[in-house]
Amino acid sequence: MSILLNEQCRILVQGITGGEGSFHTREAISFGSKVVAGVTPGKGGTDFDCIPIYNRVIDAVEKEGANASGIYVPASFAPDAILEAIEAGIKLIVCMTEGIPALEMVKVKKALKGTGSYLIGPNCPGITTPDVGKIGFMPNFIHKKGNVGVISRSGTLTYEVINMLTNLGVGQSTSVGIGGDPIAGSTFVDILELFEADPETHLVTIIGEIGGNAEEEAAEFVKKEMSKPVVGFIAGQTAPPGKRMGHAGAIISGGKGTAAEKMKAWEDAGINVVVNPADIGKKVVSILNK
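In structure tokens:
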């Protein structure tokens, strides 16, 4: 069992004929992903590596049974692409696009509410389940099937943690990069809830960063709802005050959202917080071997 991405997922790629879409579609297929369709307006009726292309998402749903989507379209078109996937009833939507305006994401979040669909991203590396497949651009070779769930706001640290775990012989159930934008489709809490219910996930590694309050919300959830151990790291501990850097969501306002505050909240919630990301793997192994 895994969360969100499983053997029943029939994936369509919105923007399959673009540079990013075509490259990462081939990588995903080589990793085992079941890609059944592409969507590029104006190119319906053609194909990409024998994968049929449609003009509309609803056509891919009706003719190919698509139920998951990976979105690789420019920021100006991405909100409409997400909305089209929601309206077509796609249950897992993963948007890798960076630079979508926050106000556009407010409309998307409103449309998403109550639909039962999960949106991962935008501005994220995607989701990967070893031995099942991936949607996004996490490197194929770093993964290993196992029982540790990974959630991260940082794309680079997602890869680093997965690679670290694999090198220590620790596999992953599912890895989810939720993205670093201020308004994300799915939050830490959304994904923690799924990992808590997944019998094949025995421990969760969570990577947060400065800015916003997603980490504080995660702390509340872990404290009240999680029965599984959680290992956490907060990125941005050495960020200089007043310096603009990193993700759009990494904004400290009114002195709130600092690394120190978030680490304290996690420790109070019982999360096993490490100060150095290089210690994440060792901490995970020590807990699993108890």
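The C-terminal residue of the sequence shown carries number 1132 in this note's numbering, and the numbering is unbroken.
A virtual CB, placed ideally from N, CA and C, is assigned to each residue, including glycine.
Keep in mind the model is a prediction, meaning the values are calculated, not measured.
What does the Cβ neighbour count give for residue i, buried or exposed, with the cut at 16 atoms within 10 Å?
i	result
Q850	exposed
E904	exposed
T1080	exposed
K1132	exposed
E1057	buried
G968	buried
F1030	buried
E1067	exposed
T998	exposed
L945	exposed
F983	exposed
Who are the Cβ neighbours of residue i in its own chain at under 7 angstroms, not counting the five residues just before and after it?
i	result
H985	T970, P972, I1004, T1008, Q1014
N1055	G1099
E1109	V1115
L925	V950, A953
A870	V877, G975, K976, I977
T957	I928
A923	Q856, I913, V915
G931	V903
Among the candidates the options, whose CA atom is the shortest distance from the CA of residue i?
i	options	result
V828	T1016, K933, I858	Residue 828 lies beyond the stretch modelled for the chain, which goes from 843 to 1132, so this question has no answer here.
I853	Q1079, K976, V1073, E1002	K976
G991	A1039, I895, V915, I1052	A1039
K885	G860, D1110, G958	G860
A1107	V1126, I1052, A944	I1052
A1120	L846, T1000, A1111	T1000
E929	K955, G997, P1041, V915	K955
G978	V855, A1111, V1117	V855
D865	I913, K1125, S844, R898	The residue asked about is misnamed: residue 865 is Phe in this sequence, not Asp. Among I913, K1125, S844, R898, the Cα nearest to that of F865 is on I913.
N965	E862, V1072, D1023	D1023
I1113	V1064, K876, A902	V1064
I1122	G1078, L1130, V1073	V1073
A902	N848, A1111, I858	I858
P883	S875, K876, V915, A870	V915
E1059	L1045, G963, G1021, A1111	A1111
T1062	E1035, L1045, P1041	Strictly speaking, residue 1062 in this sequence is Glu, with Thr absent from that position. That would be E1035, whose Cα lies nearest to the Cα of E1062.
K1125	S996, M1006, R995, G1078	M1006
Which whole-angstrom value describes the C-beta separation of residue i and residue j, a residue pair presumed to lie in contact below a C-beta threshold of 8 angstroms?
i	j	result
S872	L961	Wrong, their Cβ atoms sit about 25 angstroms apart, outside the cutoff.
C892	A920	About 27 angstroms; that fails the 8 angstroms criterion.
V1127	L1010	6 angstroms
V881	R868	Not a contact, Cβ separation roughly 17 angstroms.
R995	G1021	7 angstroms
Might you give, ordered along the chain, the residues of its own chain that have their beta carbon closer than 6 angstroms to the beta carbon of residue i, omitting 5 neighbours on each side?
i	result
A917	T939, G941, I942
P894	A879
L934	L846, A910, Y960
I1076	G1050, A1101, K1104, M1105
K987	P972, D973, G1013
I1033	I993, V1018
M947	I1025
T888	I895
G874	G975
E862	Y914
Counting only the same chain and skipping the five closest in sequence on each side, list residues whose C-beta sits under 8 angstroms from that of residue i.
i	result
T1043	I845, N989, V990, G991, S1015, T1016, F1037, K1070
A927	Q856, V899, S911, I913, I935, S959
M980	P967, G968, T970, T1000, Y1001, I1004, S1017, G1019
F907	Sequence check: residue 907 is Gly here, not Phe. Same-chain partners within the cutoff: R852, V878.
N848	T971, V974
I1129	L1045, P1071, V1073, N1114
Under 8 angstroms from any heavy atom of the ligand SAM, does the C-beta of residue i make it?
i	result
I1113	No copy of the ligand SAM appears in this structure; indeed no ligand is present at all.
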